[in-house]
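The opening position of the sequence shown corresponds to residue 1 in our numbering, with each subsequent residue numbered one higher.
Don't be surprised by glycine CBs; every beta carbon is placed ideally from N, CA and C.
Have a look at the structure below, then the notes.
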Amino acid sequence: MLDEMLQTADWKSEKHVPVIEAPEMVKPDQVFDVNVTLGKEVAHPNTTAHHIRWMALYFKPEGAKFPYEVGRVQLSAHGESTEGPDEGSVYTHHSCTFRMKTGNPGRLMALAHCNIHGLWQSSEKLSLE
Ligand SMILES: [Fe+2]
Numbered sequence: 001m002l003d004e005m006l007q008t009a010d011w012k013s014e015k016h017v018p019v020i021e022a023p024e025m026v027k028p029d030q031v032f033d034v035n036v037t038l039g040k041e042v043a044h045p046n047t048t049a050h051h052i053r054w055m056a057l058y059f060k061p062e063g064a065k066f067p068y069e070v071g072r073v074q075l076s077a078h079g080e081s082t083e084g085p086d087e088g089s090v091y092t093h094h095s096c097t098f099r100m101k102t103g104n105p106g107r108l109m110a111l112a113h114c115n116i117h118g119l120w121q122s123s124e125k126l127s128l129e
């Protein structure tokens with residue numbers, strides 16, 4: 001099953017774990033930033049052969065049965081070129097910012113997909129003032 005394929009670890013020692021940077025507490029219905037990045041302590045490669053292909057952010061309000069998808073970012077350029085792999089001059093970095101608001105506390109959850117090491121997850125609690 002897919003849930004058995006979702007990997008997680010401490011992002012300080014595992015380069016694939018998405019790092020969620022968001023306020024611990026926000027005002028109800030006020031827009032705030034959520035940064036999702038990767039490799040803050042241990043850098044992940046960004047090459048044609050090995051890269052992060054997409055990242056997504058979900059939010060599950062407390063008491064809700066299902067999560068909402070806040071957004072999904074496709075990271076498309078990894079040095080591909082007509083000259084060959086890693087001969088291109090464009091590399092999309094694995095970092096993005098979502099802006100969102102909510103009227104409920106809950107849990108932010110991020111997914112990151114490495115093209116050769118699969119799906120990685122992390123989550124952070126979000127409280128309301
Ligand atoms: Fe990887």
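Per DSSP, the beta bridge partners of E124 are L108. Here E21 carries a strand assignment [DSSP, helix/strand/coil]. If you ignore the 5 residues before and after S76, its C-beta comes within less than 7 Å of the C-beta of T92, all in its own chain and listed in chain order.
In the three-state reduction of the DSSP assignment, E80 falls in the coil class, being assigned neither a helical nor a strand state. Shown in chain order are the residues whose CB sits closer than 5 Å to a heavy atom of ligand 1: C114 and H117.
Going by DSSP, D33 is part of the beta strand (DSSP E) stretching over F32 to T37.
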